[in-house]
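Presented below is the structure to which this report refers.
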Amino acid sequence: MQRSNVGIPSVLRGTIFERGLDIDWPLFFSTILTVTIGILMIHSTEIGGTWHYLFKQMAAALIGLMGMIFLTLLPYQMFRNYIRATYIFMIIVLISVFIIGTNLRGTKGWFHLGPIYIQSSEVAKVLFVLSLAGYLDRRIQWYSPRSLVMPFVFALFPIVLIVAQPDFSSSLVFMPVTLVMFYFAGARTLHLLGVCLMGGLAAGIPLCSTYFLSLDLGSSEHPILYFLSLALQGGWPGLWLFLGICVTISSVWIVARKLRVYIPSLYLWVTLILIGFGTLGAMAGNKALKTYQRQRLIAFVNPDIDPLGGGYNIRQSQIAIGSGRILGKGYGRGTQSRLGFLPSRHTDFIFSVIGEELGFLQTLVVLSFYFLIVWKGFEIAMSARDRFGSLVASGFATMFAFYSILNIGMTMGLAPVAGVPLPLVSYGGSSVVSSMTAVGILLSIHWRRHLL
Amino acid sequence: MWVGGNTDAFSEKKFLGRARLVAVVFAVLYGLITLRLFYLQVLKGEELARMSENNRTQVIFLRAPRGEFFDSKGRLLVTNRPSWSVMYSPPEKMKEEQEQERIRRRLAPFMEPFSKKWLRRLDRAFETGQMVRLVEDVPNNVSFGMKEMGELVPGLRVVMEFRRGYQEGNVPGHLVGYLGEISEDELKEKAWSQRRQSDLIGKMGLERILDREVRGQDGGMLIEVDSIGRWKRIIRELSSQKGSDVQLTLDIDVQRAAEQGLLETPTKRGAAVAIDVKSGAILAWASAPSFDLRGSLAEGITDSGLPFFDRVHRGTYPPGSTFKIMTAIAGLENGAVNVTDKINCPGYLLLMDKQGKEKRYGCWKRHGPIDFWRAMAESCDTYFYLLGARTGPTEIANTAAEFGFGQLVQHVFPGERTGTLPNPAWKKSHGLGGWSTGDTYNMSIGQGFVTCTPLQMAVMMAGVAGRGKMMAPYVVEKIIGPDGVPSYQSSKTMLRQIVLKDATWEMIFKALRLVITNGTGGVGNSSYLDVWGKTGTAQNPHGADHAWFVAYGGYPNEAPSVAVCVFVENGGHGGSEAAPVAKKMLEIALPKRSS
């Protein structure tokens, strides 16, 4: 296992020159197969028309394949030495897109290079995972407040920049990836739960208020719910509710003290501060939410409220998948997709096309490829030779799982319509290339796992 | 094993544990997705497949051309013509109020010439997602505009459909009736259970009675549509089948003579019927005023002349002197009259009522000494008061009942009225008190309680002309299925044979002939036909006198073959107003023979 390193340049350590071709073939092939299925299914949505999507996606897949092979050969440790540069490069990418970027589908997030458009947020995702892993690899002092806050500050910049494009759905992945990687890096569970509480409040309050708004309650029939719906929109009723909750928690704490149950006062303060920040975040979020985003939220919570607004897409997607039944309608024969009942059928709802045309058995195969890729990602993370590799691998695996579960869950009515693509399959060159390069990095980590 | 840098065994162990945990969480989530996939595709697959099928397909019903109507000589009365209908099927997405409003605004300029109904139909389309006919019978130029519009308003279609076509001047409107969209109430009726919303059904006359035969089999198309309602292709097509044709007993020439004759009368209101004596076939069935099936029917509804009211079988009127035929037959048959005996007619008859008060029963003229023949010919009321009193009210009523008064003659026609044929028992049972001689007087001359329909009158005359052979009147000769095979053929049925003494027949024929040759019905005489008849000028409490003329005629030396009844509402004198129409009908029904 241990060989002499003499004569081999450090760049090539642990590569083909030392250990021979050691590729994680299951990961490699399930990636290639998934991309191939994606290309075929995208073409199925344009049958009888052009071959436009097919060629573009194939070209992207070829570029992605080259990137994947290149990154497999490249020692991933290189990134660790340049984490600051990587992060800054990411920020520059995201800022420069405001200056030299092109507006596409209402989002100023694209670089126009000759015949191709590159989506800046897709580039940023890969760079973010690399730089965050590098940062977390170096910081292991988990008790200083600074190291607790820094990763989130890390995530904050790309999120803000991407939301400003505005591309809300592309920014979604940063928080969960940060949380999970932070968790892997050894953060205390309690701290992370606190962050989750704050985040839950910040995200949950706008959701609840939107839901209550959609119910259109009368003040006389449901006085309590009516007050709640008012309070959740902020303003004075919101402030009263917030104060009420704080007073309740404090008095519970005081009563507990009188009963000689001593809870450190730190917990009380931290809880109150978390609730305070969460509420503040919620108010900001409430203001920032666009009408269509609200509609999507409502449609997810209760699709019957607005069956043809936000809920229409979910319903049609479920009809598409379900109508495929066990054996599917056949390639290119999905009526839901062909006749336009499915929205964004070659991008966000490509999984519905798969379900409709291929049926349960074959869709199960596609699902298992995804599961295999994620599982392999974690396996690689657990067998990596250093913490940096572990964090990068687990970061990519999380990103991959997050995207695929959110997207597939959305098409089946299990998750809100978030507008995230299905990695490797959805039409879109940047997404395919970035996903494939991520797989390349995973392969690179796998290849170099044994070096001491 | 992690190597190098700032790593330690503790944090690696922690990492491995946590990574395993998160991986398991993701595995569980994938498991949930798989379960959901199983639920949707396997457990609910059938249902969702059906929903996707509903999504992509749309059923369009295409009306079958209805059967045509012919007269007895095979001349076309009612046919079908192609017309353009504007159909709209809302795409799945059309539930937003704004979208609906946009469609309304787009369509409004085209819809201006039509009734506002299309708005309601559009709403129904939005509500149910089903295809509706917005407007029918769109003129050609508008339909071209609509077709172009179809590109802008997905789901809008202009489709060719058959509509009723009416031959000019050839339509017996009241008998054939008209079509209309099925109403909400009708949809609930059992008789129309096969029908769908917006179907056209017969609303009146034969179109309604024979709807099942005439309607045919609607066709349809199963069409694949995309999400915004554009038609992609026809999946299946079922062609429609035309309904059965109907041959009527009418002779359109006689019918037209009747209709035009009525229009030339002073009030332009009335009814005219002609019946073939031998068979009971109805040759003409006219009620005036009528309505124009080719135009808008809506105007007729508010018309005070009640154009939709079929006076032939629904209008009941006092028959006046025409009823004297019944009185005479009853008197002759019961030996209550000696035809040569004369009475004196001073122009009235006085009758002492129970209180000892004298009441005056008038005659229209001072006839002086008068016998039966002149009394019939000149319609002397005084003579008939006395004749009636001598015969007795029950006998008169019995005779009239034999000839069809007071009962339905044509059980097929809905809404037919019986009129009133009174007798002492009837009066009592209706709480009108005891029968008096005055009642008998009134009844004898067809006034008082007596009322009848023009149809009854015509049937009675046909019975007299046939010497008591009462044939059931009918209007449908045969119904011919689409394969050319008759599915129905009329059979001549006799209602009854009225048995009277030969002498009675001879005398009543002679008297009715005298009405034409020497009496009030002179206008009804024909240069080449033998005509028998009776005039009537019926007083009525609602206005001017009704004019009646009933007659039958035939070629000389042959049995009389056609009976007619002409009634002119508030028309005045039967001899002058109704008789010309009857004469014309008779002469057209029995044209001059060229020998």
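Residue numbers (my numbering), protein chains in the order written: chain A, 1 to 452; chain B, 453 to 1047. All residues carry an ideal CB built from backbone N, CA and C; glycine is no exception.
In this chain, A/G134 is not harboured by any beta strand (DSSP E); it is covered by the alpha helix (DSSP H) spanning 120-138. The way I'd put it, the stretch 763-770 of chain B does touch the stretch 864-874 of chain B; three or more beta-carbon pairs between them come closer than 8 Å. With contacts defined by Cβ atoms closer than 9 Å, A/T398 and A/V177 form a contacting pair.
Counting only runs of 3+ residues, the beta strand (DSSP E) found wholly inside the stretch 482-553 of chain B occupies 509-514, 528-540, in chain order.
Contact annotation: in the stretch 325-346 of chain A, residues whose CB is within less than 7 Å of a CB in chain B are R325, I326, T335, Q336, L339, G340, F341. Taking the beta carbon of A/I319 as reference, the chain B residues within 8 Å of it are L500, M503, S504, N507, listed in sequence order. Chain A has no Cβ within less than 9 Å of the Cβ of B/D575.
The beta carbon of A/G389 sits closer than 7 Å to the beta carbons of Y76, I445 from its chain, once the five residues preceding and following it are set aside; these are given in chain order. By the Cβ neighbour-count rule, B/L658 is buried, with 16 or more other Cβ atoms within 10 Å of its own. Following the DSSP letters along the chain, one finds A/L94 inside the alpha helix (DSSP H) bounded by residues 83-100. Contacts with chain B at 9 Å (Cβ-Cβ) do not include A/L241. Close CB contacts of B/S1013 within its chain, under the 6 Å cut and outside five residues either way in sequence, are with V729, G1006 (chain order). For A/F341, the secondary structure class from DSSP, reduced to helix, strand or coil, is coil. Spatial neighbours of A/I263 in its own chain (CB-CB distance under 8 Å, excluding positions within 5 residues in sequence) are listed in chain order as W253, A256, R257. Taken through DSSP and simplified to helix, strand or coil, B/W887 comes out as coil. For B/M539, the closest of B/T509, B/E564, B/L586, B/G519 by C-alpha to C-alpha distance is B/L586. Contact annotation for B/W454 against chain A: A384, R385, D386, R387, S390 [CB-CB distance below 8 Å, chain order].
Chain-order list of chain A residues neighbouring B/Q493: I321, G322, G324, R325, I326, G355, G359, F360, T363, by C-beta distance under 8 Å.
Within 7 Å of the CB of A/S394, the CB atoms of chain B belong to A471, in sequence order along the chain. Taking 9 Å as the threshold, the shortest C-beta distance from B/T580 to chain A does not fall below it.
In the DSSP assignment, B/H998 falls within the unbroken beta strand (DSSP E) covering 995-1006. Taking 9 Å as the cut-off, the beta carbon of B/R533 is found closer than this to the beta carbon of B/R615. Between A/S131 and A/G200, the alpha-carbon positions lie close to 26 Å from each other. For the 9 Å CB-CB criterion, A/A401 and A/V129 do not form a contact. At a cut-off of 9 Å between beta carbons, A/V374 contacts chain B.
Per DSSP, B/D744 is not a residue of any beta strand (DSSP E), being assigned neither H nor E.
Take the alpha-carbon of B/S692 and the one of B/S504: they are about 28 Å apart. Taken in chain order, the complete alpha helix (DSSP H) segments of 4 or more residues contained in the stretch 578-640 of chain B are 592-604, 625-628, 636-640.
Of the other Cβ atoms in all chains shown, fewer than 16 fall within 10 Å of the Cβ of A/I245; this residue is therefore exposed. Taking B/T531 as the centre and dropping the five residues before and after it, the same chain places the C-beta of E520, G617 closer than 6 Å to its C-beta, in chain order.
Taking a cut-off of 8 Å for Cβ pairs, the stretch 317-333 of chain A and the stretch 342-359 of chain A touch, as three or more such pairs fall below it. Per the Cβ contact rule, the stretch 833-853 of chain B is in contact with the stretch 771-787 of chain B (3 or more Cβ pairs under 8 Å). Nearest C-alpha to A/I380 among A/L94, A/F369, A/Y370, A/V392: A/V392. If only complete runs of 3 or more residues are kept, the stretch 756-841 of chain B shows the beta strand (DSSP E) at 795-797, 800-804, 810-814, 820-822, in order along the chain.
Taking a contact as a CB-CB distance under 8 Å, the pair B/I968 and B/V983 counts as one, their CB atoms being some 5 Å apart. Per DSSP, B/E689 is not a residue of any alpha helix (DSSP H); the beta strand (DSSP E) it occupies stretches across 683-690.
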